[in-house]
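Our numbering applies: residue 2 is where the sequence shown begins, and numbers increase by one. In what follows, a single structure is set out as structure tokens and then discussed.
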Amino acid sequence: NLPVVGVIENMSGFICPHCNHRTDIFTGGGGKQIAKDFDVPFLGSIPIDSEVVSACDSGKPFINFNSQNTTAQALNYAFEPLLKPDMKNQTNKEAKVK
């Protein structure tokens, strides 16, 4: 059993590597709805980004080398609440559908 501390919506849009334009390729909002249904925090939406793939393939921490990147900013925003001391209270909470 793992505690659910929040929901992060993955593959939320695609970031063009040439112009940095974001395109929604899937229907959005599913992450927010799941968080609402299970009464847990919605932590953010992370887009598909080829720079993340390259960083992972090379074993380099993506956020450390791309801090100004749109995806890195989304990751930082999503992870920030997890680093707060009051988040420890969330780890004992069971996620149950409302």
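All C-beta atoms, glycine included, are put in the ideal place defined by N, C-alpha and C.
What is the DSSP secondary structure of residue i, counted as helix, strand or coil?
i, result
"V53", "helix"
"P42", "coil"
"G60", "coil"
Strictly under 8 Å for the Cβ-Cβ distance: is residue i near chain D by that measure?
i, result
"A73", "No chain D is part of this structure, which consists of one protein chain only."
Taking the beta carbon of residue i as the centre, do at least 16 other beta carbons fall within 10 Å, making it buried, or is it exposed?
i, result
"T28", "exposed"
"S51", "exposed"
"N77", "exposed"
"G14", "buried"
Out of the options, which has the shortest C-alpha to C-alpha gap to residue i?
i, options, result
"N70", "P18, Q34, F39 and V41", "P18"
Is residue i near the ligand FAD, going by C-beta to nearest heavy atom under 7 Å?
i, result
"P82", "Only the bare structure without any ligand can be found here, which leaves the ligand FAD out of the picture."
If we call anything under 8 Å between Cβ atoms a contact, is residue i one with residue j?
i, j, result
"G32", "I9", "yes"
"L83", "V6", "yes"
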